[in-house]
């Protein structure tokens with residue numbers, strides 16, 4: 084009897100064990116696995132802001148611009164320097180916007196803020212991210228351009244299952 088129980092338990096554990104698997108995926112492909120901040124959110128925010136900058140009629144593309152600080156006011160650890168670099172790289176690659184490293188040499192500076200709101204109840208979690216990027220004239224402190232990007236993720240727990 085003990086032997087049968089032992090063999091049955093081994094069979095159960097090996098049957099339930101799924102083999103580990105590693106695979107390469109396209110970094111541009113959306114892989115939603117959590118409601119927390121992730122690489123997909125960074126890509127989406129950078130792409131949407133870059134697109135709006137390049138289509139703006141209020142930005143003088145003959146002048147040079149730089150990136151100031153992007154503040155993280157969210158619940159998650161977000162590498163804001165990486166986000167700024169992603170946007171700056173896309174702008175430089177467009178060959179439409181001139182980006183300089185030193186703030187003193189630029190006509191305007193991009194500043195930003197990321198904030199989040201988190202709500203939950205028994206069966207669901209709701210995470211809302213807001214990213215605001217503003218371009219400010221260094222001489223007059225006038226806001227030249229501003230744009231908001233919002234991302235909302237909802238997680239609902241299944242009624243049955245584990």
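Residue numbers (the working numbering): 84 to 245.
The beta carbon of each residue, even a glycine, is placed where N, CA and C say it ideally should be.
Q. How about the segment 206–213 and the segment 174–188: do they share at least three Cβ pairs that are nearer than 8 Å?
A. no
Q | Start and end residues, beta strand (DSSP E) containing residue 242 | A | Run containing residue 242: none; DSSP gives neither H nor E here.
Q | Bounding residues of the alpha helix (DSSP H) (the contiguous stretch that carries residue 172) | A | 163–177
Q) Using a Cβ-Cβ distance under 8 Å, would residue 86 count as near chain D? A) Of the protein chains in this structure there is only one, and it is not chain D.
Q: Could you tell me whether the segment 139–147 touches the segment 227–241, where touching means 3 or more Cβ pairs closer than 8 Å?
A: yes
(Q) For residue 134, report the span of its alpha helix (DSSP H) as first-last. (A) 122–137
Q) From what residue to what residue does the beta strand (DSSP E) around residue 219 run? A) 207–220
Q: Consult DSSP for residue 119 and reduce its assignment to one of helix, strand or coil.
A: coil
Q.
Our contact map puts residue 189 next to residue 163 with C-beta atoms below 8 Å; I'd like the distance itself, whole angstroms only.
A. Wrong, their Cβ atoms sit about 19 Å apart, outside the cutoff.
Q.
With DSSP as the reference, identify every bridge partner of residue 147, one or two as the case may be.
A. 181
Q: Alpha carbon to alpha carbon, how far is residue 159 from residue 124? Give it in angstroms, no decimals.
A: 12 Å
Q | Alpha-carbon spacing of residue 121 relative to residue 88, whole angstroms | A | 45 Å
Q: Reducing DSSP to helix, strand and coil, say where residue 92 ends up.
A: helix
Q. Just curious, the beta strand (DSSP E) that residue 142 is in, first and last residue?
A. Looking at the DSSP string, residue 142 is not in any beta strand (DSSP E), and its letter there is neither H nor E.
Q | residue 149, buried or exposed, once every other Cβ within 10 Å from all chains shown has been counted against 16 | A | buried
Q | Check whether residue 201 and residue 234 have beta carbons under 8 Å apart | A | no
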